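Inspection log for the structure reproduced underneath, given as structure tokens.
In our numbering, the protein residues as written are 802 to 936.
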């Protein structure tokens with residue numbers, strides 16, 4: 802499925818926001834390529850860099866989810882954006898929101914710019930090394 806098809810199949814009131822966030826991710830993190838795929842049992846736009854999922858953008862039931870793996874691995878980024886986005890619902894690595902008011906586009910741009918500086922492959926390798934050292 803094409804990304805434009807995925808977005809056009811979403812509720813009309815979400816389509817513009819989804820497209821704008823999609824374009825923001827591609828513009829501000831040149832390390833990723835987008836494709837529609839399945840993750841956690843849901844169809845979504847998956848953004849991969851170096852073979853690893855870095856972001857996911859989905860429209861489910863009553864909200865939109867932006868999965869941002871760099872915030873999962875960085876307590877500093879997670880705390881920063883939880884403070885900047887008080888009406889969004891944060892999980893470990895994803896941000897759920899209903900309206901653009903919950904997820905202002907200037908903050909999305911800042912989030913993606915911050916996340917673009919993080920190399921997930923290096924983060925994964927460091928994590929695996931730390932687990933190995935604990936054994």
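In this text, a Cβ means the ideal position worked out from N, Cα and C, and glycines have one as well.
On a predicted model such as this, the values are computed, not experimentally measured, just so you know.
Review point. Can you check whether the CB of residue 872 is closer than 9 Å to the CB of residue 838?
Key: no
Rounded to the nearest angstrom, what separates residue 815 and residue 860 at their Cα positions? 8 Å
Notebook entry, point to check: Quick one: what's got a C-beta closer than 6 Å to residue 896's C-beta in the same chain, skipping five residues either side?
Noted result: 867, 889
| residue 845: first and last residue of the uninterrupted beta strand (DSSP E) it sits in | 843–850
Next item on the list: Measure from the alpha carbon of residue 870 to the alpha carbon of each residue in 809, 899, 921, then state which is nearest.
Entry: Here the closest residue by C-alpha is 921.
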